[in-house]
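Right, one structure below, let's go through it.
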Amino acid sequence: MKSDTLKNETILLIDLPHGQKGIILEQYGNQFLASLGLRKGKIIQLVAKQIYGGPLVCSIDDRKIAIGKDIAKLIQVKPFIA
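Residue numbers (the numbering used here): 26 to 107.
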């Protein structure tokens, strides 16, 4: 897959702008995150950020999952434009 990276920067998933896609570079969680499909090299898109400390809704592997904000702070991504 060919993509243009944005400023070659890496950020935490929680800081990914709404609607933006990124490539997971690292997840500092556990096997549970991997079981959700949150693995190095996977493409993830931030679909929605819920208010009042609610979860982030992300799209990965053509499915949507809700991720708590504390978990989103454990996932490092590289934003890109497809």
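Here a beta-carbon is modelled for each residue, glycine too, at the ideal position from N, C-alpha and C. It should be emphasised that the depicted structure is a prediction, and the values quoted were computed from it without experimental measurement.
Cβ separation of residue i and residue j, assumed to be a contact under 8 angstroms, to the nearest whole Å
i, j, result
"Leu-50", "Ala-97", "So it is not a contact: roughly 14 angstroms between Cβ atoms."
"Leu-71", "Ile-85", "So it is not a contact: roughly 10 angstroms between Cβ atoms."
Close Cβ partners of residue i (< 6 angstroms) along its chain, the five nearest in sequence each way excluded
i, result
"Leu-58", "Gln-52"
"Leu-61", "Ile-90"
"Gly-93", "Pro-80"
Cut-off 8 angstroms between Cβ atoms - residues of its own chain near residue i, not counting five sequence neighbours on either side
i, result
"Lys-65", "Ile-49, Leu-50, Glu-51 and Gln-52"
Bridge partner(s) assigned by DSSP for residue i
i, result
"Glu-34", "DSSP lists no partner for Glu-34."
"Pro-104", "Gly-47"
"Lys-74", "Leu-81"
"Arg-88", "Ile-85"
"Ile-69", "Gly-47 and Ile-85"
Reduced DSSP secondary structure (H/G/I, E/B, other) of residue i
i, result
"Met-26", "Legend: pLDDT at Met-26 = 41, less than 50; position of this residue unreliable, no value from coordinates given."
"Gln-56", "helix"
"Lys-94", "helix"
Contacts around residue i, its chain only, beta-carbon distance under 7 angstroms, and the 5 residues preceding and following it disregarded
i, result
"Lys-123", "Residue 123 is absent from the model: the chain starts at 26 and stops at 107."
"Asp-87", "none"
"Leu-41", "Gly-47, Leu-71, Val-102 and Pro-104"
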